[in-house]
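Structure, as structure tokens:
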Amino acid sequence: MRAEADRDAARREADGMRQERDEARHQIDSVRRELTDTRHESATRARELDQALADLRAARSDRDGANAAREAALQERDEARTARDEATAALNAARADVERAVGQVAEAQAQAARAAEESASSQRVLAEVRAGADRDRQARERATAEIAEVRGAAERDAEELRRRLDAARTDVDAAHERVAQLSAQVSDLASALAALGSNR
């Protein structure tokens, strides 16, 4: 009678150990599934990080293009200044010619007429130079405005990409930490399962 009771108790204990083993296996499977999901999420975050880096490089390329455009605009401005200086020199020469022509009015009426023609020609040149200078100034103003707009957009894009990059790095670090925790849990559960198997 007592032996039968011991057998029943042993069966119940064995059933309890099997149930605990099944529960441990279920927990291990659940942790493994969660670990797989976390790894997928980590891979997704890594891809997002790569995309953010690519966007940052593109923004830097746009910024370099804007800097090149600015340099071109500065060169154009210098060329316009050179042209203006040359026009000023030509204007001064024309004025000197006019003054000489006025001084020679008493000598000959014909020379005075020619001097008047030279003066009119100089005035036309001056008007053309002034018109060209106005066009150059307007072009410089437009180029400056465009460069400022491009630079502002590039800075805003770079700031947004830096923010997204920091967020992605934070998510990846958190995912790595979670993977480490889950790996530790799997190891503990595997040890517990091994212990249960040896006790049986």
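Letter by letter, the sequence shown follows residues 307 to 506 of this note's numbering. No residue lacks a Cβ here, since even glycine has one placed at the ideal position from N, Cα and C.
By the Cβ criterion, the region 457 to 469 is not in contact with the region 332 to 348, since fewer than three pairs of Cβ atoms, one from each stretch, lie closer than 8 Å. Judged by beta-carbon spacing, aspartate 442 lies within the 8 Å limit of alanine 386, meaning their Cβ atoms are closer than that value. In this structure, alanine 360 lies away from alanine 449, with their beta-carbon atoms at least 8 Å apart.
In the structure shown, glutamate 434 falls within a helical segment according to DSSP collapsed to helix, strand and coil.
Here alanine 490 has no same chain residue with a Cβ atom under 6 Å from its own Cβ, once five neighbours each way along the sequence are excluded. Annotation for alanine 375: Ala449, Glu452, Ile453, Val456 place their beta carbon closer than 8 Å to its own, counting only its chain and skipping 5 residues before and after.
A residue is called buried once 16 or more other Cβ atoms fall within 10 Å of its Cβ, and arginine 469, having fewer, is exposed. Here arginine 351 has Ala474, Asp477, Val478, Ala481 as same chain residues with Cβ atoms under 7 Å from its own Cβ, once five neighbours each way along the sequence are excluded. Arginine 366 is not a Cβ neighbour of leucine 502, given a cutoff of 8 Å.
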